[in-house]
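**Q** My questions all concern the structure below.
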Amino acid sequence: MRILGKAQFIALAAAAVVVFAGAPALAASNHAISGTVYSPCSGNGPWFTSSNARTKAGTGAVKAEFVDVNPGGLSFRLLGRSNQQFGVTQQWGPNETGIWRTFTSSMNNGTTFFNSFRQTSTSCGYHDYNFTGTEFY
Amino acid sequence: MKRTIAIAFALLSLAACTETRNPSLPPALTAEQTTAEYRAEAATLQLAPGWSWPSQPVPAKAPDGNDNVYEPGFGKQAADYYWYCSWSSRVLDPATSDADRKSALDNVVQIKGKYYYLTALADDSKPYLDGVLNSSLLGDYAPLKNDFELNCGR
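Right, dumping it as structure tokens:
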């Protein structure tokens, strides 16, 4: 996942070929993710939505954990094709590494979703906006 | 004239200053800019009969009231997928003639040449769509129907 910054705002704070009679079902697995949240130094700190489309493999849970969380805290959600949110928004504090949190326990096999995130804190002044972790889907 | 030069110099300085705030971070787009990106991609695509482009494809605000910004490419991939959905609908419509279904399917599989498949779709997610397309080419539309129902809400 490539994550980005905020150039338009002055204050950047910143095959397998499988053929089945039904839907192709692959096994869910872990995927490395990383990104950069925006600082709320301008506005309220917008949600940043990745352009990477991800497809749920096998019906079941989507969850994440992080080895590095940005100091201002991380709020993370999953959005669908129609901007609908799947499950709940999860939050990680800056020291909450290695903690799995589940967005939804029942996403259907083949569902496309997008990661969307923001800095949890509304304080301005953090100088590190990066996070790194693992997403299971 | 001197004033014009001074203003231009000031603007260039400001731009340079902004650029150096964090040059490692690529830009994000506002909802308005993402919509423009969507429209530009849509202009290159012809929807299936009976379909029209949405008037507001990208929301500017999240339900919690915060603004939305998007990674560049979000609008482009969204337009590609909407186009794919329109032709999937045509394939799945029982009223579609065999000839029209074949033509529609020709469009559906072209998604593999679009920005959506080539760039936006995560590599680990491509086998799923490959499976949907290959099943359809073999005459099994069940995976396509499932994909449409999951991801093509209008």
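The listed protein sequences derive, respectively, from chains A and B. With our numbering applied, the first sequence corresponds to residues 13 to 149, in that order. With our numbering applied, the second sequence corresponds to residues 11 to 164, in that order. We put the CB at the ideal spot given by N, CA and C, even for glycine. Just so you know, these numbers come straight off a predicted model, no measurement behind them.
State the DSSP-derived secondary structure class of Val68 (chain B), mapped to helix, strand or coil.
**A** Reduced to three states, the DSSP call for Val68 (chain B) is coil.
**Q** Using a Cβ-Cβ cut-off of 8 Å, state whether Leu35 (chain B) counts as contacting chain A.
**A** Note on Leu35 (chain B): pLDDT 47, under 50, position unreliable in the model; no value is reported.
**Q** Is Ser135 (chain B) close to chain A? Criterion is C-beta to C-beta, closer than 8 Å.
**A** Answer yes: the Cβ-Cβ gap between Ser135 (chain B) and chain A drops below 8 Å somewhere.
**Q** Beta-carbon separation of Pro83 (chain A) and Tyr138 (chain A) under 8 Å?
**A** The answer is yes: Cβ separation under 8 Å.
**Q** So, at 6 Å on beta carbons, what are the nonlocal neighbours of Ser135 (chain A) in its own chain, with the 5 sequence-adjacent residues on each side left out?
**A** So no residue of the chain qualifies.
**Q** Quick one: grab the DSSP three-state call for Glu81 (chain B).
**A** Reduced to three states, the DSSP call for Glu81 (chain B) is coil.
**Q** Sort A:Tyr50, A:Thr101, A:Gly145 by Cα distance to Glu81 (chain B) and report the nearest one.
**A** Comparing Cα-Cα distances from Glu81 (chain B) to each of A:Tyr50, A:Thr101, A:Gly145, the minimum goes to A:Tyr50.
**Q** Report the partner residues of Arg130 (chain A) according to the DSSP bridge assignment.
**A** In DSSP, Arg130 (chain A) forms a bridge with A:Ser87.
**Q** Would you mind telling me which residues of chain B sit closer than 8 Å to Leu38 (chain A), beta carbon to beta carbon, in chain order?
**A** What Leu38 (chain A) touches in chain B: Pro137, Tyr138.
**Q** Nearer than 7 Å: is that true of the beta carbon of Pro137 (chain B) relative to any heavy atom of the ligand FAD?
**A** In the structure shown, the ligand FAD is absent, as is every other ligand, since no ligand is present at all.
**Q** List, in chain order, every chain B residue whose beta-carbon is nearer than 7 Å to that of Ser94 (chain A).
**A** Neighbours of Ser94 (chain A) on chain B, chain order: Gly163.
**Q** Specify whether the region 101-116 of chain B and the region 149-160 of chain B touch according to this definition: at least 3 beta carbon pairs, one from each stretch, less than 8 Å apart.
**A** The region 101-116 of chain B, when compared against the region 149-160 of chain B, does touch it at the 8 Å Cβ threshold.
**Q** Taking CB distances under 8 Å as the criterion, tell me whether Thr144 (chain A) reaches chain B.
**A** No, its Cβ sits nowhere closer than 8 Å to a Cβ of chain B.
**Q** Suppose contacts are defined by Cβ-Cβ distances below 8 Å. Is Val74 (chain A) in contact with Leu90 (chain A) by that definition?
**A** Taking 8 Å as the Cβ cut-off, Val74 (chain A) and Leu90 (chain A) qualify as a contacting pair.
**Q** For Ala19 (chain A), which residues in the same chain have their Cβ closer than 8 Å to its Cβ, ignoring the five residues on either side in sequence?
**A** In this prediction, Ala19 (chain A) scores a pLDDT of 38, lower than 50, which makes its location untrustworthy; the coordinate-derived value is nonetheless stated afterwards. So no residue of the chain qualifies.
**Q** Chain A beta carbons: is any one of them nearer than 8 Å to that of Asn156 (chain B)?
**A** Closer than 8 Å to some Cβ of chain A, the Cβ of Asn156 (chain B) qualifies, so yes.
**Q** Between the alpha carbons of Gln103 (chain A) and Gln96 (chain A), how many angstroms are there, rounded?
**A** When rounded, the distance between both Cα atoms is 19 Å.
**Q** Check each residue of the region 99-125 of chain A: if its Cβ is closer than 7 Å to any Cβ of chain B, include it; give the result in chain order.
**A** Listed by position, the residues of the region 99-125 of chain A near chain B (Cβ gap below 7 Å) are Asn120, Gly122, Thr123, Thr124.
**Q** Helix, strand or coil: which one does DSSP assign to Thr144 (chain A)?
**A** Thr144 (chain A) falls in the strand class under three-state DSSP.
**Q** Any C-beta of chain A sitting closer than 8 Å to the C-beta of Ala46 (chain B)?
**A** Judged by the 8 Å Cβ criterion, Ala46 (chain B) is not in contact with chain A.
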